[in-house]
Amino acid sequence: MPAETTTAIRTCPLCEATCGLELTIAGDRIVKVRGDADDVFSKGFICPKGASIAELHDDPDRVRAPLLRRPDGGFDEVSWDEAFAFIDERFRAVEAEHGRQAFGAYVGNPAAHALGALLYGRVLLKALGTRNVFSASTVDQMPKQLSAALMFGTGLSVPVPDLDRTMHLLVLGADPLVSNGSLMTSPDARGRLRGIRARGGKLVVVDPRRSRTAREADEHHFIRPGGDALLLMAIVHTLFDEDLANPGAHLAPHLSGLDEVRELADPFSPEAVAGRTGIAAPEIRRMARELAGSSPAAVYGRIGTTTQAFGTLASWLIDVINVLIGDLDRPGGAMFTTPVAGSSNTAGTPGRGRGTDVHRWSSRVGGRGEVFGELPAACLAEEIETPGEGRIRALFTIAGNPVLSTPNGDRLADALDTLDLMVSVDLYRNETTRHAHVILPSPSPLERSHYDVALYAFAVRNVANYSPPALPLREGALDEWQILLRLTGIVTGQGPDADVAAIDAFVAGEFARRATVTASGPAEGRDPQDLLADVGDRVGPERLLDLMLRTGPFGGGTEGVTLAKLEAAPHGLDLGPLQSRIPEVLRTASGTIELAPPLIASDVPRLQAHLDAGDDDGLVLIGRRQLRSNNSWMHNLPKLVSGPERCTVLVHPLDAERLGIADGEPAAVSSAHGRIELTAQVTDDMMPGVVSIPHGWGHDLDGAALDVAREHAGVNVNLLGDAGTLEALTGNAVLNGIPVAVASAVPVG
Numbered sequence: 009m010p011a012e013t014t015t016a017i018r019t020c021p022l023c024e025a026t027c028g029l030e031l032t033i034a035g036d037r038i039v040k041v042r043g044d045a046d047d048v049f050s051k052g053f054i055c056p057k058g059a060s061i062a063e064l065h066d067d068p069d070r071v072r073a074p075l076l077r078r079p080d081g082g083f084d085e086v087s088w089d090e091a092f093a094f095i096d097e098r099f100r101a102v103e104a105e106h107g108r109q110a111f112g113a114y115v116g117n118p119a120a121h122a123l124g125a126l127l128y129g130r131v132l133l134k135a136l137g138t139r140n141v142f143s144a145s146t147v148d149q150m151p152k153q154l155s156a157a158l159m160f161g162t163g164l165s166v167p168v169p170d171l172d173r174t175m176h177l178l179v180l181g182a183d184p185l186v187s188n189g190s191l192m193t194s195p196d197a198r199g200r201l202r203g204i205r206a207r208g209g210k211l212v213v214v215d216p217r218r219s220r221t222a223r224e225a226d227e228h229h230f231i232r233p234g235g236d237a238l239l240l241m242a243i244v245h246t247l248f249d250e251d252l253a254n255p256g257a258h259l260a261p262h263l264s265g266l267d268e269v270r271e272l273a274d275p276f277s278p279e280a281v282a283g284r285t286g287i288a289a290p291e292i293r294r295m296a297r298e299l300a301g302s303s304p305a306a307v308y309g310r311i312g313t314t315t316q317a318f319g320t321l322a323s324w325l326i327d328v329i330n331v332l333i334g335d336l337d338r339p340g341g342a343m344f345t346t347p348v349a350g351s352s353n354t355a356g357t358p359g360r361g362r363g364t365d366v367h368r369w370s371s372r373v374g375g376r377g378e379v380f381g382e383l384p385a386a387c388l389a390e391e392i393e394t395p396g397e398g399r400i401r402a403l404f405t406i407a408g409n410p411v412l413s414t415p416n417g418d419r420l421a422d423a424l425d426t427l428d429l430m431v432s433v434d435l436y437r438n439e440t441t442r443h444a445h446v447i448l449p450s451p452s453p454l455e456r457s458h459y460d461v462a463l464y465a466f467a468v469r470n471v472a473n474y475s476p477p478a479l480p481l482r483e484g485a486l487d488e489w490q491i492l493l494r495l496t497g498i499v500t501g502q503g504p505d506a507d508v509a510a511i512d513a514f515v516a517g518e519f520a521r522r523a524t525v526t527a528s529g530p531a532e533g534r535d536p537q538d539l540l541a542d543v544g545d546r547v548g549p550e551r552l553l554d555l556m557l558r559t560g561p562f563g564g565g566t567e568g569v570t571l572a573k574l575e576a577a578p579h580g581l582d583l584g585p586l587q588s589r590i591p592e593v594l595r596t597a598s599g600t601i602e603l604a605p606p607l608i609a610s611d612v613p614r615l616q617a618h619l620d621a622g623d624d625d626g627l628v629l630i631g632r633r634q635l636r637s638n639n640s641w642m643h644n645l646p647k648l649v650s651g652p653e654r655c656t657v658l659v660h661p662l663d664a665e666r667l668g669i670a671d672g673e674p675a676a677v678s679s680a681h682g683r684i685e686l687t688a689q690v691t692d693d694m695m696p697g698v699v700s701i702p703h704g705w706g707h708d709l710d711g712a713a714l715d716v717a718r719e720h721a722g723v724n725v726n727l728l729g730d731a732g733t734l735e736a737l738t739g740n741a742v743l744n745g746i747p748v749a750v751a752s753a754v755p756v757g
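When we follow our numbering, the leftmost residue of the sequence shown carries the number 9, and every step to the right adds one.
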């Protein structure tokens, strides 16, 4: 007799779009996945990743029991108690011999999409007490977070385009039709961007590749990779030069550094930067005039602007322009989300904060400064390899695959094999976790609850949506937060059998205490125990989330948002369009928008030197994002990797003819640091002099248990990068604008 079917509503956790899903369940099987037409944010939109979530849950390669590595490199399934006992013994041995600075941690991108990992990963990192913390943030986004922090006060104070009301959007180095937003949570980005044109507005894209978004745009400009900061500086120059800079009455009282910005931009006229950017001076001036003349307008940039040599300058200039055209914090411009769960861009005394201190310590080997408590991920290998006090001897990874996502991954792979202890919390035995001594399996996304604490902080509309688990945990499995707290018990000396409930209660108590001493917060002055009593008998992520909701900007009082209200609204709560938030959102020490932060201003001479060096016509490499891929962790699902080969090198026809490259034939791409071979795809979607290879591939390494991904292995583009070539202010990996040579790899004879 067929199993009775039920329906579950949940938010997709597989990318930044946060789309609603409607799941049809028969017994313990997902038999149908479609978009939730009643979701308040996505309104039925779904992409191939969300449609494949059942494949992820059922993937036979997914790790379902703790794995312990044998001396020969293979793995055996063991019990949870055996796994934690092994970790405890090794942990204590490393600590006794080398101390706490011999430990390191790497947190990968998927952790930002997992409620338990996001909340309790922080607990583990704090308990570790090491300065050797690395994450995917220094692979793709740290320049934007730093520039936002220096201008507005926190790394989460990132303005996002008000897509549903803007009339002119300038997009640089981003492909939101594929990403559905990035640091701009926006399900159905295609529909929202088409809405701009339907209102009579204009979409302009600047990108070295004619991306899907560029093909939808009213106007597309090819730009020489790495030239974004020069283009943006020339737009700033034009706004001042033609008396178009007008921040407006709503911003003027809250600005500092306007004259300094004018002075910094003075040498970067459109005529001066035209050759270096590939965009003619009259076009640059027209772009500036149209931004200033449109009402309202916004500038947005993403990975193409952050993974380059001038990532922080480009990120800063985007928001400088939003200020100068008067459209920062204005409906239809670039605005600040009001996240429903309390966060660092909502808490504290309105309009004033401590500001941002960075480079408080440096990496041991390369001397790279920390940012927000993290060191550059590209430095991880050298910190493991290099002898001396503070050398990393033990590493914890949470949902990451830096062997594929950071430069010189082959070097990192070799380094990982020298560790005395490596513990990975992950769904898979992938190219990185294959080196672990212990792999602790996190549950399937459908077996755990979900709320996008991180991503709703960058949403283009104020929304909230909580999803309970769609399926029960398998018998004997641990939830991710329980895994992380058992590790915390080991790290804090409580042993492998620590009382997880007691640690969780302590964490919740600290959450409540901080909320009651936060000035101007809804819980200011309350007794922490009373606040805890309000959430009842909840435990784990649900207790912390309920506390965050109750003490967030929409919490407090009888009408405030609580977890119970979200549970009663499975399609989400729509709390309205983005609202103006200056000055209350500002957390700089001055209480103003710092238009010319000294650290950023100190990097402008480097940009000037780049401009003075003259034109460079050598071949350079950029990456590209793909709709059916999410970095390296979605390639083991047949639905997502089937079809035409996607790990190809895109080459312009003129370059292909000059280099003897034929469409569909193998090509060799080499840099000063590596060489790879892959299929060439000749297309005029590329700017001449630029080639493109997607990231996240290279699944042919021994020891990884990813059978489907291995059949579609592709190549690891980051083997062409250089762990020593990092963005100056943040240490972010430079993955775009890498000089390369391309030649035919067709066998001779």
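The beta-carbon is built from N, C-alpha and C at its ideal position, and this holds for glycine as well.
All figures in this text were calculated on a predicted structure; none of them were measured in a lab.
Give the single residue among the options whose Cα lies nearest to the Cα of residue i.
| i | options | result |
| --- | --- | --- |
| Ala296 | Tyr474, Arg534 and Asn254 | Asn254 |
| His229 | His367, Leu201 and Val179 | Val179 |
| Ala741 | Thr524, Glu63, Asp554 and Pro410 | Pro410 |
| Val471 | Gly584, Thr405, His367 and Ala527 | Gly584 |
| Asp47 | Ile684, Asp582 and Val115 | Asp582 |
| Leu266 | Ala753, Pro605 and Glu685 | Pro605 |
| Arg632 | Met642, Ala609, Thr656 and His618 | Thr656 |
| Ile511 | Ala113, Val131, Tyr114 and Ala664 | Val131 |
| Val307 | Ser323, Arg293 and Gly319 | Ser323 |
| Phe53 | Val168, Arg42, Arg205 and Ser187 | Arg42 |
| Ile498 | Ala135, Asn644 and Glu291 | Ala135 |
| Asp554 | Phe111, Arg294 and Leu127 | Leu127 |
| Leu420 | Tyr114, Gly28, Ala59 and Gln109 | Tyr114 |
| Tyr474 | Thr14, Cys27 and Ala11 | Cys27 |
| Ile95 | His106, Pro74, Asp80 and Gly82 | Pro74 |
| Leu540 | Ala513, Glu227 and Pro561 | Ala513 |
| Arg595 | Gly161, Glu30, Phe99 and Leu76 | Gly161 |
| Ala62 | Ala385, Glu455 and Arg534 | Glu455 |
Could you check whether residue j and residue i sit closer than 9 Å to each other, using their CB atoms as the reference points?
| i | j | result |
| --- | --- | --- |
| Phe466 | Leu191 | yes |
| Glu391 | Val373 | yes |
| Ser452 | Arg18 | no |
| Gly256 | Ala305 | no |
| Asp710 | Ala721 | no |
| Pro21 | Asp625 | no |
| Leu164 | Pro549 | no |
| Arg200 | Leu171 | yes |
| Val508 | Arg494 | yes |
| Leu662 | Ala675 | no |
| Pro8 | Asp89 | This structure gives no information on residue 8, because the portion of the chain shown stretches from 9 to 757. |
| Gly745 | Leu557 | no |
| Leu252 | Gly203 | no |
| Leu64 | Met694 | no |
Under the DSSP definition of a beta bridge, which residues are partnered with residue i?
| i | result |
| --- | --- |
| Pro169 | Ala342 |
| Thr524 | Its beta-bridge partners do not exist; DSSP assigns none. |
| Ala741 | Leu734 |
| Phe404 | Ala113 and Val431 |
| Gln689 | Leu658 |
| Thr600 | The partner list for Thr600 (beta bridge, DSSP) is empty, contrary to what the question assumes. |
| Ser155 | Looking at the DSSP assignment, Ser155 forms no beta bridge with any residue, so it has no partner. |
| Pro449 | Asp434 |
| His176 | Lys210 and Ala305 |
| Ala751 | Ala676 |
Does the stretch 476 to 485 touch the stretch 23 to 42, meaning 3 or more C-beta pairs lie closer than 8 Å?
Look at the beta carbons and you see the stretch 23 to 42 touching the stretch 476 to 485: at least three pairs across the two are nearer than 8 Å.
Touch test, the stretch 691 to 710 against the stretch 631 to 645, Cβ-Cβ under 8 Å, three pairs minimum:
yes
Whether or not the stretch 563 to 575 and the stretch 326 to 334 are in contact is what I'm after, with contact meaning three or more pairs of Cβ atoms, one per stretch, closer than 8 Å; do they touch?
no
Are three or more beta carbon pairs between the stretch 142 to 154 and the stretch 433 to 449 nearer than 8 Å?
no
Stretch-stretch touch, CB-based, cutoff 8 Å, three pairs: the stretch 581 to 589 with the stretch 705 to 725:
no
Do the stretch 689 to 697 and the stretch 648 to 663 meet, that is, are 3 or more Cβ pairs less than 8 Å apart?
yes
Would you say the stretch 483 to 490 touches the stretch 173 to 187, given that touching needs at least three Cβ pairs under 8 Å?
no
Stretch-stretch touch, CB-based, cutoff 8 Å, three pairs: the stretch 411 to 424 with the stretch 612 to 624:
no
Pairing CB atoms from the stretch 93 to 113 with CB atoms from the stretch 137 to 146, are three or more of them under 8 Å?
yes
Unbroken stretches of the beta strand (DSSP E), 3 residues or longer, contained in the stretch 207 to 242:
210 to 214 and 227 to 229
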